[in-house]
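Have a look at the structure below before the remarks.
Numbering (this note's numbering), first residue to last: 8 to 796.
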C-alpha cells in the first residue's frame, strides 16, 4: 500500500472477549514526528471504559484485520501511553501478542528501551527484550541489560544490568548488578549483587540494595554521614528510616562521637486529616567529657478537632545548659538560650477569636552572659474581635477592635501576680478629594492583683548575677523605712489619634525609560494622658524595633505593662519610582520624624526619660537597579548629637541560579556592629565557590559596642558538578558561647538519584548563604515523556 491512508477496523486491541473492542487505525507511508514537547506534569487520561484506539504505521502493511497484521519498513505500533518502533512489527490479534525486530524501540509509562528483538503480550504487558539499552524518565537514569523481562505493567526485571544517572557525554559512575527490578508502583529499584564502578574501576561493593525512582518514601538505611569538629572529634551517623504507614514514619539516627560517645536520636512524624506534628528525642548515656547523661526532647504538634478549634503544642527541653554549645552542629543550634514549652487552644466563633495559652521557658545559662528566665504564663486567656468596614456595604466606614486578656504570671524568684487587660478602639475612615483622614479613639484598662513578692538576692544567686533590666521593679528592696515591693494597681487610660495621608503622582522619563513617580506624605498625631507607672512591675513588655510601621503606630512599648504618655506628631513622606512597563518598583525613599510637645515620663525600668522635642530621623532607601540586584537600607540619625543610632544596609545580587552575592552591615549603638558577606558563585566550568564571613566589629568611631568583637561565623568551600554526581567540601568555624568557638569540616559526594556519602554541609549552606541552591537541582526535572517520539 502506497500513500497515507487511514482505515478504521472494528477489532480487538486487548482481548477477543471485549464486547466493545477499540478501533485499529492503519496507515502506510512514512510518518513524520511533529516535534511536540510535553509538560512534565502531563498525565494520561484514558476513556472511562479503559479502551483506547490502536494505530499501526509502516511503508507496507499486510495481513488480516481480525487475525494477523504485519508492518514492514519503519513500522510503528501506538496506543495510549505506549509506542513500539522497528523494521518489522507483527501483531497477532488472536493471541494479542506483538513481535518486533530491527532497531526496536519501546516506550511505556516513562520507560524507554532499545534492542534488536522484542516479544510482548499486549493484554498483560508481559514479554522479553534482549541486549537492551534503557532510560527511566522518572529519575533520568539509564543503563544496559543482557535480558529484560516485563513482568506486569509497571514492573520490569533486568539481568546482568548497569545503571547510572550520568549523561552519555559525561560518564562517571555506574552500578553493575546481576539483577535489578524496577517497580514503578512502589517507585523503587531493587538490585542484587551490585557494585559501584567509577569508569571501569570497581569502588564499593553495594550488595543487595534498593534506591528510589520517585518521591515515594521507603523503609531502609539512609546514607551514612560523618564529619569532624574540634568539640566532638570524628562523628559518624547512620540513620534508619521506617515508613510505618502513609500517615506516619520514624527515623532513628545513631551517632558516634569520638570525644563524647554514642548517642541515639529518633524523630517521629505524623500527618493525619486533623493533626500533624513531629516528636524528637536524643540521649547520650554517658558523655565522656562531661561525665553525665545528656538528652534532648522536642515536640511540635497541632490538632484540629473541628473547623473552629485548634490545639497546638510546641515544647523543647534539654538536660543541661551546655547541650547545644557542646553537641549542636551549627551556629543556630549553639546560640539557643531560651527553650519554650507552649500549649495553645484557639477557637473561632461568629467573628470572635478565643485563645488559651500555657507557656514556660528553660534557660540555658552562659556564665559569661547570664540571663534571667522570662515569666511563665500559666495561663493566658484572650478574647478578640476586629471589624473593618467595607465601602459600599457598611453605611458608615467605621472600624472597631476589642480585646480582653487575663494572665497569671509565675516566676521562681521574681514577683508574681494576675493581670487583666481590656482594650477597645473605634476609627472612622474618611476620604475626600484624595485625602484620607482616620481619627481613632482607644481605651486601655488594666487591673493587676499582686500575689507574691520577688527576691533580689534569690534572683542574683539563681541567675548568676544577671542584670535585672526591665525586671528591676519585680523584686523587693530593703530601705530605712522597711521593705518596698510591688503592689496591686488599676489603670485606665484613653488615647486619641488621627492619621492623614494623600498621594501625588506623575510620569517621568529616566534614561529613556518611563516611570510613575509618587509623593506620599503622611501625618499622624497621638495623645495619651500621663499616669505614674514607675513602681509597676514589668512582665512581658519591651521597647519595639523602630520601623516605618511602628513610628506611625503610636505604640511606644510592646506589651501591656506600660502605657506611655504621648503628645506627639509624626510626619513622613515616601517617594517611589514604578516602571510603566511592568509595574515593578525600582526605587523607594522614605523619611519620617516624631515631634514631641511634652516630655515623656513613663518609661521602662532603667530607661532614660526623654526630654528632646524631636525623635531620631528615620530614613529608608530601597533600590532595584535591575531584576537581579537589590539594595535596602534603613538608618536612624540624631540631629542634636550628630550621631547615628542604627544603620542597616543589605545588598543582594542574584543574576542566575546558584550565583549569588550578599553583603550586609548592621550597627545598633551600644548593642551590635557587624558585617556579613556571603556568596555562591561559579568560578570555573562546573566549579562553584561558597562562603560566608560574619564578624562583630569592636567599635564605630570612638564608641565601643556591648557585643564581643571578633568572628561570629566563617564558612568556605567548593562544590563540583560532575553531571551525575556532586562533590562538596566545606569548612566552618562559629561561636558556641561567649568565649568558645567550634570548627567543623564537611566532605560529601552525592551520586544523583542514588545516595549521599560523607558528611552533609547542606544544612550549614542553606542557613548561612541566602538563596543557596543545590547545583545538581539546577537542571529541570525529567519528564515522563522525555523519550516519547
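Positions of the beta carbon are idealized from the N, C-alpha and C atoms, including for glycine. As the structure is a computational prediction, the values presented were derived from the model and not from experiment.
Which residue marks the beginning of the beta strand (DSSP E) containing residue 380, and which one marks its end? It is not in any beta strand (DSSP E) - residue 380 carries neither H nor E in the DSSP assignment.
Going by DSSP, which residues form a beta bridge with residue 753? 737
Can you look up residue 564 in the DSSP assignment and give me helix, strand or coil? coil
Straight-line gap, residue 590 to residue 514 (C-alpha atoms, nearest Å): 13 Å
The region 200-213 / the region 289-298 touching (three or more Cβ pairs under 8 Å): no
Within 10 Å of its beta-carbon, does residue 181 have 16 or more other beta-carbons around it, so buried, or fewer, so exposed? buried
Out of 541, 501, 442, point me to the one whose CA is closest to residue 494's CA. 541
If we count the other Cβ atoms within 10 Å of its Cβ and call it buried at 16 or more, is residue 440 buried or exposed? exposed
Cβ of residue 478 within 8 Å of Cβ of residue 545? yes
Quick one: is residue 102 buried, meaning 16 or more other Cβ sit within 10 Å of its Cβ, or exposed? exposed
Should residue 92 and residue 112 be called a contact, given that it needs their Cβ atoms to be closer than 8 Å? yes
Would you report the Cα separation of residue 519 and residue 474, rounded to the nearest angstrom? 59 Å
Proximity below 8 Å, CB of residue 191 to CB of residue 165: no
For residue 82, the nearest candidate out of 554, 76, 96, 414 (CA to CA): 96
Looking only at C-alpha atoms, which of 602, 535, 147 sits nearest to residue 646? 602
Please confirm if the region 646-664 is in contact with the region 676-683, defined as three or more CB-CB distances below 8 Å between the two stretches. yes
Backbone CA spacing between residue 668 and residue 762 [nearest angstrom]: 30 Å
Nearest-angstrom Cα distance between residue 592 and residue 630? 9 Å
For residue 468, count neighbouring Cβ atoms within 10 angstroms of its own Cβ and tell me buried if that reaches 16, exposed if not. exposed
Among 130, 226, 79, nearest to residue 110 - alpha-carbon criterion: 79
Measure how close the beta-carbons of residue 772 and residue 737 come, nearest whole angstrom, since I'm counting them as under 8 Å. 7 Å
Identity of the residues DSSP links to residue 353 by a beta bridge: 317, 362
Can you list the beta strand (DSSP E) stretches of 3 or more residues lying completely in the region 140-207, in chain order? 148-159, 162-170, 180-190, 195-199, 201-205
Below 8 Å, can you find three or more Cβ-Cβ pairs linking the region 632-639 to the region 554-569? no
Residue range of the unbroken alpha helix (DSSP H) whose run includes residue 331: 330-334
Among the residues of its own chain, which have a CB less than 7 Å from the CB of residue 623, if the five just before and after it don't count? 643, 644, 645, 652
Look up residue 574 in the DSSP assignment and give the residues it is bridged to. 534
Ends of the alpha helix (DSSP H) at residue 557? 555-558
Could you give the DSSP three-state label for residue 77: helix, strand or coil? strand
Of all the options 483, 229, 184, 501, which has the alpha carbon lying nearest to the alpha carbon of residue 257? 229
Rounded C-alpha distance that separates residue 731 from residue 179: 7 Å
Is the Cβ-Cβ distance between residue 435 and residue 446 less than 8 Å? yes
Restricting to Cα atoms, I'd like to know which of 292, 352, 291, 342 is closest to residue 309. 352
Looking at the secondary structure, which residues open and close the beta strand (DSSP E) in which residue 680 lies? 679-691
Among 534, 460, 611, which one has its Cα closest to the Cα of residue 550? 611
With H, G and I counted as helix, E and B as strand and the rest as coil, what does DSSP make of residue 92? strand
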